[in-house]
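One structure below.
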DNA sequence: TACTGGATTCACT
DNA sequence: GTGAATCCAGTAA
């Protein structure tokens with residue numbers, strides 16, 4: 452794979468740990484990769500991010516054209532981008548790139564806290580099915596369009612992983628390319644990764 | 001204003 | 001593996 456830049460994260464700050472907006476100002480693909488293993492917190496619910504997808508201005512992305520919906524991806528970074536799809540589902544993204552255009556879709560998380568709440572929202576008892584898919588994650592965490600446009604750090608927080616610093620290249624991160632420009636990252640061997648279909 | 005198709009999930013075969 | 005569910009953003013007229 453191509454070599455990606457590392458995020459210069461001060462080790463001294465590392466234990467404190469909530470990602471700041473600058474984290475998302477970088478290249479979309481790098482952000483998607485670095486989010487693997489971090490913890491997303493919404494209300495009482497928390498989960499480890501185990502699968503992400505980078506969207507830029509390729510044809511498969513909403514950002515292929517500037518529209519009212521995609522404007523967030525053009526004008527912000529480090530903000531929630533929530534859209535409704537198939538008449539049923541919400542999907543949760545975080546906008547990226549200070550100068551460019553992009554967003555990272557959270558595709559799957561491993562539930563850590565608030566599991567009973569997630570089960571109630573999802574009407575599912577199998578923990579593996581709680582948040583192993585983009586719409587499952589949004590439903591389990593109670594995410595809807597109210598979060599659209601809100602900056603990361605308040606209603607939604609991302610906590611840096613504890614066991615290792617945020618290094619882009621990791622043997623524990625798998626990569627899948629659905630298209631030439633579309634990248635998916637996932638924690639290899641993690642049972643909470645969704646079973647996505649390659650297009 | 002009307003139509004089209006979708007960054008998905010689930011039930012069923 | 002296939003099809004239905006179902007709302008809305010985007011587009012064409």
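Numbering (my numbering), first residue to last: 452 to 650. Even glycine gets a Cβ: it sits at the ideal position worked out from N, Cα and C.
| Item | Value |
| --- | --- |
| State the Cα-Cα distance for the pair residue 628 and residue 484, rounded to the nearest angstrom. | 13 Å |
| Tell me the DSSP secondary structure of residue 558 in three-state form. | strand |
| Which residues mark the beginning and the end of the beta strand (DSSP E) in which residue 491 is found? | 490-493 |
| Residue 505 and residue 480 - do their beta-carbons sit closer together than 8 Å? | yes |
| Distance, Cα to Cα, residue 498 vs residue 487? | 11 Å |
| State whether the region 589-602 contacts the region 533-548, with contact taken as three or more CB pairs (one from each stretch) at a distance under 8 Å. | yes |
| For residue 581, count neighbouring C-beta atoms within 10 Å of its own C-beta (all shown protein chains included) and say buried if the count is 16 or more, exposed if not. | buried |
| Sorted by chain position, which residues of the same chain lie with C-beta nearer than 6 Å to residue 492's C-beta, five sequence neighbours on each side aside? | 608 |
| If distances are taken between C-alpha atoms only, which option among 633, 626 and 634 comes closest to residue 640? | 626 |
| Considering only their Cβ atoms, is the gap separating residue 490 from residue 524 smaller than 8 Å? | no |
| On the CB-based measure, 16 or more other CB atoms within 10 Å of its CB, does residue 539 come out buried or exposed? | exposed |
| Can you tell me the Cβ-Cβ gap for residue 560 and residue 643, rounded? I've got them flagged as a contact below 8 Å. | 7 Å |
| For residue 638, count neighbouring Cβ atoms within 10 angstroms of its own Cβ and tell me buried if that reaches 16, exposed if not. | buried |
| Given residue 588, which residues of its chain have a CB within under 7 Å of its CB, disregarding the five upstream and five downstream residues? | 543, 557, 559, 560 and 582 |
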